[in-house]
Structure formats: C-alpha cells, structure tokens
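Residue numbers (full-length UniProt numbering): 1 to 639. Where a beta carbon is used, it is the ideal one built from N, C-alpha and C, also for glycine. Below: one structure, written as structure tokens.
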Amino acid sequence: MLTKQPNVGTAEQTYYIIDFDSTFTKVEALDVLGEISLIGRPDRDDVLNQIKAITDRGMSGEISFTESLVLRLGLLKAHRDQLPALVENLMGKISDSFQRNKEFLTENANNIYIVSNGFCEFIIPIVTSLGVRADHVFANTFVFDESGLIVGFDPKNPLSANGGKSQVIRNLKLDGEVYVIGDGYTDYEIRASGLANRFYAFTENVMRPRVVEKADHVAPSLDEFLYHNNLSRSQSYPKSRIKVLLLENVHPVAVQLFEQEGFNVEIRKGALDEDELIEAIRDVSILGIRSKTNVTARVLEHANKLMTVGAFCIGTNQIDLDACTQKGIAVFNAPYSNTRSVVELAIGEIIMLIRSIVLKSNLMHLGGWDKSAKNSFEVRGKKLGLVGYGNIGTQLSVVAEALGMEVYFYDIVDKLALGNTRKCKSLDELLAIADIISLHPDGRKENKNLISYREFSLMKNGVIFLNLSRGHIVDIPALVDAIERGKVVGAGIDVFPNEPKTNNEEFISALRRLPNVILTPHIGGSTEEAQANIGNFVPAKLLEYINNGSTYGSVNFPELQLPMLKGAHRLLHIHANVPGILAKMNSIFAKYHINIHGQYLKTNEQIGYVITDVAKEYADEVVEELKGIDNTIKFRLLY
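Shown next as structure tokens:
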C-alpha cells in the first residue's frame, strides 16, 4: 500500500510514462490478436497457450523482449484485415481505473507518454480515445507482406530491441520528474537505467512478483497512483483503499461488481457472531450480509470506517437500524429481488401439503404403497389467509387467485387489495376463516410469537400452515402441539428462531420427524435467479451511495435520488435533525464566496442529509468548518 506523498511536480514539470499492455488495457494485445487470427485452427488453444506463456516470460524478464516478440509474431499468423477487430475488442478492455480517470489523462496530455513494446496500429486508436496525444505514443510498427500478412516488425525502431524503452526516454530528454507506470520488467528497466525517479508496478490486471519486488511503489490502480502523488483534487479517495466485507456466500456477481469498481474486497463464506464481526469490521467501509449475521450496536462501536451496510435479502431486523442512523451509516436491502422465488415455494408447498404428498413419498421410500384419495384435496376453492400483505403477500395473492383460491389478508397497515382479495379487520377474523395460512409479516421485534397457543386455537381443525417469513414469529412449542393434536394437518417451515450459522452445523428443532411437515433450510429466496437479482440490486444501491451520494431505497436514511456529479465537487453532510444546520452551512459557503451549483436536503425523524454541489475551487478551510458544525455526524467529499 502506498503512503500519500507531499505535493510533487509543482516546482518543475512532471512526466508520466505509461505502459500499454496489461496497464492501459486489461490484456496483452498480441494475445487477443492470436484469439482472432487463429479462429478455425484445430490447434488454436495450444498455440494460444504458447503465446501467453511467451508473453509472461518476456514480461517477467525470463527471456529477452526481442526473443519474445519474434516468437509470438511467428505463432500469430495474423493479417492486416484483423486489426480493426482487435481495436474494437481492446476498446472494451481498457483498464477500469484509466476509464475512471479520463479527466487526468486529458488535462495532463502534454506530460503523458505511452511507451510500449506493442504496436502503434492498435495502441493509438485506444489511447487517443481517452485524451492521450497520438504524437506522444512510442511503440513498434508491423511489417506486412504483399498479401497483408504480418511478417515482422520494423527493426530500426528502438522499441523492437532489448532496452528499447530506456532508449526512447533517453531520446525524449525530459526535463523534470519522470514517473513510470507499468506491469512489466521492461518498464522497470527505465528506472534501473537512471532515467526515471520512480517506478510504479501496476497490479490492477496482473501481478508479476519479479516486477513488484523491483518497484519503488505498488499501484493497484491509477486511482492509487494519483492519490499517492497528491493529484487527488480531481480524484476521490482511491477505491483500492476502501475495504468491502461480504459475508454468507453472497452471489459472485456482487463480488465482481465491487472488484470492477476497484474496491478491496474480502469474502467470507459463513455468518459471523458478534465477537467475530467486531474483529472483522475494523477498517471496513462497506459491509454486505444476509440474514444470519447480526449488526448490533456493539458491533457498530468498533466500525470505525463503516459508511454503508447492504442486506442481501428482504429483511433488515438483523441490523440495528437506529444505531446505524445515529452513526450516519446508510442501510440498503433487496425488498423485491427474491419475491417470486418465495411465492413459488409457498405455492409448491401448499399443493404438496394439501395433497399429503410428503407422507406418501416418505412411505414409498420405506417400501409402502398408499394409493388413495384420503386427505388429498385440490387447492381450488380453498380459502388462503395471508398474514402480512407486503411485496410477497400481494404477489402470492395474485398467483393463488389464478389457481382458483379465495384469498384473504390481514395487515396492520391499510393496504389496497389486489384482484378479488378481501381484507380482514383483525388477525383473529383471518385465522378463523382460512383453510390455509401463510405468514408474511415483517421482522420487527414486536412480532415475536405472533402465532402462539391462542392463535392456533382460533384456526380451523385440519388447517395447512406455512411460515416462510421470520423464525421468531411462530412459537415453536405451540406449533408442535398443534401438529400433534391434528389442529394443523400439514406445515411448511422455512425459517426458525435458531438456525445453524454454516452448513456444517446440525439443525436442531422439535419439528423434526413430525408427519406431513416440510422443513427447508431458509431457502425461500435461494434460487439462482433470485440470488443473481439480489447480487445485482444491492451492490447497485451501495455503489450509488458511495459514488454519487444517492440514498434512494435506503431503509433508514432520508431518500434522495441525485443527479450525476458533473463539473463540481459534491459535499455530503449527515447531521442530527436539529434546526439551523442548513443556514450554518450556507453561511460558510457565503463567507468563502463559494458558488453553489446545486443543493439538496431531506430529513427524517433522526437525521438530516444535505448534499451541496460546489465549484471546484475552494479553500481547504471550508471542509474543516463544515465538519465542525455542531451535531455533524458524518461528512464526505466526492470529486
């Protein structure tokens, strides 16, 4: 990790020498050209592996660059007509941190040089798209035969020979500080020859141990390089320094989204208990959990850098929302992403239970044969009672009604009934009416043992009972009693008051081995489709908040949907909801004659959230005074 440097390049010019392959782009261009030129050849995979192995040996300094180049071009068998396809391919493989920092490349174009052992034919179109000057590109050129086949390279070009990069820099006679950014041994050679002040080993795309050990500094991204050299006034805090902790096997697409943004991502498969999470959460800025990890007030006391929490599930009762709000930590969840999956499981279990399929299947596994219609019914015409009419309850009512069921619901919040669904005035009324009861309330603490002995006594004899919502909502001893007495003739339970933290722990419950009971391990939303949806949805919300300040969809923050930040700096101020904060902020802006491009304010009962877009030039004292306003909880800058 780099330590931020004092101002550099102010007394004299600073020049930036940047490699192309695996630095400016994520890939080695000749490897990609091979993938294009060798299409249709039966030995394609073998030849590609040979080319990549030669590339790695050359970049690590195991063989000379000239030898590497000759060997690769001999294997490629490429044609001039294939170069446009190569350029198009490389346009989609520009390194993420270079794309994020186009402004730096454009503003410093006169001081940036691309020095590469690659070829101008494909390098120039790529780098000029991000503002680099074409006349500042130094690279090889192809030699073609009469038919257009690539048969070699210009041997007069110094970059075709060993030590060519050093020779190019020597010829440029740059007067000032010279910093080299690259992933290969030939980039280090510029520094070794005394022609550069620093060599940064660029590891965003590939990490070559022999190159890293020679480097003055390691730059996991261009963001890091800019921050290290105090060029961050036009660049936010580097994302490679922002730690993301993802627990409980969140979908791989979520990991990919954070890594693409350049964050430092740590993954742990299982849930963590309170003490484990306290240890793991230090220096974490973004936390992703599912339903088993509890984010308590005690945990948050040790979360020194935490900015946001993402619940990769519907519920947030495992998170102390009040404590998060008091500490200025925004919380997001996935209220819709797995709705369909839970609904389908509910419908499937209702049909299985009302037909006594589980009993018959278990008997057959033991060699029995019970071909009868006894205790087997259709769902058509049956009364389905929904306790809770939120996202899942409403969709379940639509599907159930399509199957011919009569649907009733009860919710403490006044909800509009969909289709022919009927609202009950009380929970007692619903329990007495329903042939099938499915629970879908939220996870608030007040709902603990919402269904207990009294509630089971109000139900019809022979009722089918489902809980796919929250484990603490049902009093398990009362449910066991109702099943054993025949009050409940079939039950589907997916959630439990106490659940194993990992797949290796034993599931212990009094519900085990009871007849006509379907037990599932909290998988209501565990389908590939649902997890992929959640894996996309939650990171999108977290990234919107981190990158843009938007809180739309937050469960504990005032909701603000903000425009993209353009041509300004964004100041994010989270404070206790007390009078006068906005006036104090604006008096500071007026004091320093700062032009406000846009300002947004929203509050809830606990906090206020002010976003101010200001002109780029302002005194550093402004930030300190804004942070010093009484009742400030958190302050953040976006550039």
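When you compare the CB positions of L71 and I54, do they come within less than 8 Å of one another, or not? As a position in the sequence shown, residue 71 is number 71, starting the count at 1. As a position in the sequence shown, residue 54 is number 54, starting the count at 1. Going by C-beta atoms, L71 is nearer than 8 Å to I54.
My assumption, with CB atoms under 8 Å, is that I437 sits in contact with V463. Please give the rounded CB distance. Looking up residue 437 in the sequence shown gives position 437. Looking up residue 463 in the sequence shown gives position 463. Confirmed, Cβ separation roughly 6 Å.
In the DSSP output, what is R268 paired with across the bridge? The sequence position of residue 268 within the sequence shown is 268, counting from 1. According to DSSP, R268 bridges with nothing at all.
Continuous alpha helix (DSSP H) assignments of at least 4 residues falling wholly in the region 141-187: 164-172
Sub-8 Å separation of S193 and S166 beta-carbons: For the purposes of this step, residue 193 is taken as the residue at position 193 of the sequence shown. For the purposes of this step, residue 166 is taken as the residue at position 166 of the sequence shown. The answer is yes: Cβ separation under 8 Å.
Roughly how many whole angstroms lie between the Cα atoms of T551 and E67? The count along the sequence shown starts at 1 and reaches residue 551 at position 551. The count along the sequence shown starts at 1 and reaches residue 67 at position 67. Distance between the alpha carbons of T551 and E67 is about 55 Å.
So, with DSSP's three-state summary, where would you put V488? The count along the sequence shown starts at 1 and reaches residue 488 at position 488. Correct three-state label for V488: strand.
Assuming E274 and V299 form a contact by the criterion Cβ under 8 Å, report the distance between their Cβ atoms to the nearest whole angstrom. Within the sequence shown, residue 274 is the residue found at index 274, counting from 1. Within the sequence shown, residue 299 is the residue found at index 299, counting from 1. About 6 Å; that satisfies the 8 Å criterion.
When the distance is taken between beta carbons, is K616 closer than 8 Å to H575? The residue labelled residue 575 in the question sits at position 575 within the sequence shown. The residue labelled residue 616 in the question sits at position 616 within the sequence shown. A distance of 8 Å or more separates the beta carbons of H575 and K616.
Minimum C-alpha distance to E224 - residue among R241, K214 and R210: What you label residue 224 is simply residue 224 of the sequence shown in a count that begins at 1. Nearest option by C-alpha distance: R241.
So, under 8 Å CB-CB, N162 and E177 are touching, yes? Tell me the CB distance rounded to an integer number of Å. Translated into the one-based positions of the sequence shown, residue 162 becomes position 162. Translated into the one-based positions of the sequence shown, residue 177 becomes position 177. The pair is not a contact, with the Cβ atoms about 26 Å apart (cut-off 8 Å).
Sorted by chain position, which residues of the same chain lie with C-beta nearer than 6 Å to T603's C-beta, five sequence neighbours on each side aside? Start at 1 with the first residue of the sequence shown, and residue 603 comes out as number 603. Excluding residues within five positions, the ones whose Cβ falls inside 6 Å are P558 and N577.
Is the region 108-120 touching the region 17-29 in the sense that three or more CB pairs, one from each, lie closer than 8 Å? yes
6 Å CB neighbourhood of F138 in its chain, flanking five on each side removed: Reading the sequence shown from its first residue, position 138 is the one you call residue 138. Excluding residues within five positions, the ones whose Cβ falls inside 6 Å are V115 and V168.
Going residue by residue through the region 319-404, where are the continuous beta strand (DSSP E) segments of at least 3 residues, counting only ones entirely within it? 330-332 and 383-387
Going by the CB atoms, is the gap between L430 and V407 shorter than 8 Å? On the sequence shown, position 407 is the one that residue 407 refers to. On the sequence shown, position 430 is the one that residue 430 refers to. Not in contact: V407 and L430 (Cβ atoms no closer than 8 Å).
Helix, strand or coil for L37 per DSSP? For the purposes of this step, residue 37 is taken as residue 37 along the sequence shown, with counting starting at 1. Checking the sequence shown, residue 37 turns out to be Ser, not Leu. Helix, per DSSP.
Between K243 and the rest of its own chain, which residues show a CB-CB distance below 7 Å, the 5 nearest in sequence each way excluded? Here the question's residue 243 lines up with position 243 in the sequence shown. Taken in chain order, the residues that qualify are N264, E266, D283, V284 and S285.
CB contact flag (L222, F98, <8 Å): By one-based count along the sequence shown, residue 222 stands at place 222. By one-based count along the sequence shown, residue 98 stands at place 98. Against a cut-off of 8 Å, the Cβ pair of F98 and L222 comes out as a contact.
So, at 6 Å on beta carbons, what are the nonlocal neighbours of A219 in its own chain, with the 5 sequence-adjacent residues on each side left out? Counted from its first residue, the sequence shown places residue 219 at position 219. Excluding sequence neighbours, A219 sits near Y200, F202 and F225.
Using 7 Å as the cut-off, classify the Cβ of P158 as near or not near the heavy atoms of the ligand FMN, replying yes or no. Questions concerning the ligand FMN fall outside what the structure shown contains, since it holds no ligand whatsoever.
Using a Cβ cut-off of 8 Å (strictly closer), state whether I242 contacts chain D. The structure shown contains no chain D; it holds only a single protein chain.
Starting from the Cα of V399, find the closest Cα among Y15, R340, P563 and G524 and give me that residue. For the purposes of this step, residue 399 is taken as residue 399 along the sequence shown, with counting starting at 1. Checking every option, the nearest Cα to that of V399 belongs to R340.
Could you spell out where the beta strand (DSSP E) holding L519 opens and where it closes? Translated into positions along the sequence shown, residue 519 becomes position 519. Looking at the DSSP string, the run of the beta strand (DSSP E) that includes L519 is V517 to L519.
If you drop the 5 nearest sequence neighbours on each side, which residues of the same chain put their C-beta closer than 8 Å to that of H597? As a first step, residue 597 is located in the sequence shown; it is residue number 597 there, counting from the start. Only G567, A568, D613, V614 and A615 meet the Cβ criterion.
By the three-class DSSP mapping on this structure, what secondary structure does Q260 have? Numbered from its first residue, the sequence shown carries residue 260 at position 260. Reduced to three states, the DSSP call for Q260 is helix.
Let me know if E279 comes out buried or exposed under the rule of 16 or more other beta-carbons within 10 Å of its beta-carbon. Reading the sequence shown from its first residue, position 279 is the one you call residue 279. The residue in question, E279, is exposed, as its Cβ has fewer than 16 Cβ neighbours within 10 Å.
Please report how far the alpha carbon of S234 lies from the alpha carbon of N110, in whole angstroms. In the sequence shown, counting from the first residue as 1, residue 234 sits at position 234. In the sequence shown, counting from the first residue as 1, residue 110 sits at position 110. Here the model assigns S234 a pLDDT of 45, short of 50, so the residue's position is not dependable, and the following value carries that caveat. Cα to Cα, S234 sits roughly 17 Å from N110.
Since I believe I350 is in contact with V379 (beta carbons under 8 Å), could you give me their beta-carbon distance rounded to a whole number of angstroms? As a working mapping, residue 379 is identified with position 379 in the sequence shown. As a working mapping, residue 350 is identified with position 350 in the sequence shown. Contact flag correct, Cβ pair sits at about 6 Å.
Can you round the beta-carbon distance between D494 and N516 to whole angstroms, since I take them to be within the 8 Å contact cut? As a working note, residue 494 is residue 494 in the sequence shown. As a working note, residue 516 is residue 516 in the sequence shown. Between N516 and D494 the Cβ distance is about 16 Å, and since that is not below 8 Å, they are no contact.
Is the beta carbon of K627 less than 8 Å from the beta carbon of G328? On the sequence shown, position 627 is the one that residue 627 refers to. On the sequence shown, position 328 is the one that residue 328 refers to. Against a cut-off of 8 Å, the Cβ pair of G328 and K627 comes out as no contact.
Cβ atoms of P539 and A254: under 8 Å apart, would you say? Within the sequence shown, the letter at position 254 stands for residue 254. Within the sequence shown, the letter at position 539 stands for residue 539. Result yes, Cβ atoms of A254 and P539 sit closer than 8 Å.
Three-state secondary structure (DSSP) of A417: Position 417 of the sequence shown, counting from 1, holds the residue named residue 417. Looking at A417 - three-state DSSP - the assignment turns out to be coil, as it is neither helix nor strand.
Can you tell me which of Q260, E259 and N333 puts its alpha carbon nearest to the alpha carbon of G288? In the sequence shown, counting from the first residue as 1, residue 288 sits at position 288. Of the candidates Q260, E259 and N333, the one whose C-alpha sits nearest the C-alpha of G288 is N333.
In chain order, what are the residue ranges of uninterrupted beta strand (DSSP E) at least 3 long that sit wholly in the region 464-511? Residue ranges of uninterrupted beta strand (DSSP E) with 3 or more members, entirely inside the region 464-511 and ordered along the chain, are 488-493.
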